[in-house]
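Here the structure comes first, spelled out in structure tokens, and everything after it is commentary.
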Amino acid sequence: IETYRESGVPNETELLERFPDLARSLILAEIAGSESNWRSRMLSKLREVINVRPIGSHVQGNDAGAIAARAEGELLSGNLVAAINLIEGIEKVEGNGRLWLKDAHKRVEVSRALEVLAQESARWRNQRKDIESIRKEYQ
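First residue of the sequence shown? That's 576 in the working numbering, and the numbers climb one at a time after it.
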């Protein structure tokens with residue numbers, strides 16, 4: 576937690592708000608990598624202007640759009656780790672994608688650290704109550 580004291584860590588809502596841009600960049604990167612003819616290049620240029628992408632966790636397929644849709648579904652369900660795993664499975668994750676993944680990993684790390692801290696705090700409170708009970712018995 577100390578590591579991110581100055582820079583902060585985005586919460587899951589912020590990561591979700593940034594997700595549409597991430598999905599779009601993943602789709603465009605995949606299209607750019609597969610451009611081989613004038614039709615593909617034209618469609619790629621249109622997609623830069625018009626944002627059309629699949630949404631929902633039910634989307635089938637192994638293309639960047641389908642994987643991003645399932646990842647967004649996981650994110651909406653509160654399963655950030657599953658969303659990260661899906662995005663990391665996409666071959667071309669660059670720019671926005673790398674930054675989003677870096678921030679998502681930070682969020683998971685901080686959330687886990689806070690969970691451990693909460694568990695330790697609860698354990699300490701219970702031990703303190705036990706000690707107070709014992710003191711009262713012997714007074």
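Ideal Cβ positions, reconstructed from N, Cα and C, are used throughout, including at glycine.
In this text, all values refer to a predicted model and were calculated from it rather than measured experimentally.
Residue i to residue j, Cα distance in whole Å?
i, j, result
"Ala646", "Asn671", "15 Å"
"Ala688", "Lys681", "11 Å"
"Asn572", "Lys667", "Residue 572 is absent from the structure shown; the chain starts at 576 and stops at 714."
"Trp699", "Val691", "12 Å"
"Val584", "Asp596", "19 Å"
"Ile706", "Glu695", "16 Å"
"Asn637", "Ile662", "11 Å"
"Val683", "Ala697", "21 Å"
"Ile709", "Ala693", "25 Å"
Out of the options, which has the shortest C-alpha to C-alpha gap to residue i?
i, options, result
"Glu679", "Glu581, Ala688, Ala598, Glu589", "Residue identity differs from the one stated: residue 679 is Ala in this sequence, not Glu. The residue with the shortest Cα to Cα distance from Ala679 is Glu589."
"Phe594", "Leu655, Asn701, Glu605, Gly636", "Leu655"
"Leu676", "Ala657, Ser696, Thr578", "Ala657"
"Arg599", "Ala644, Val685, Arg580, Val634", "Ala644"
"Leu601", "Glu649, His633, Gly640, Arg700", "Gly640"
"Ser582", "Val685, Glu707, Ser696", "Val685"
Would residue i and residue j be called neighbours here (beta carbons separated by less than 7 Å)?
i, j, result
"Arg669", "Ala607", "Note on residue identity: the sequence assigns Glu, not Arg, to residue 669. In this structure, Ala607 does not lie closer than 7 Å to Glu669 by Cβ."
"Ser632", "Gly648", "yes"
"Leu591", "Leu674", "no"
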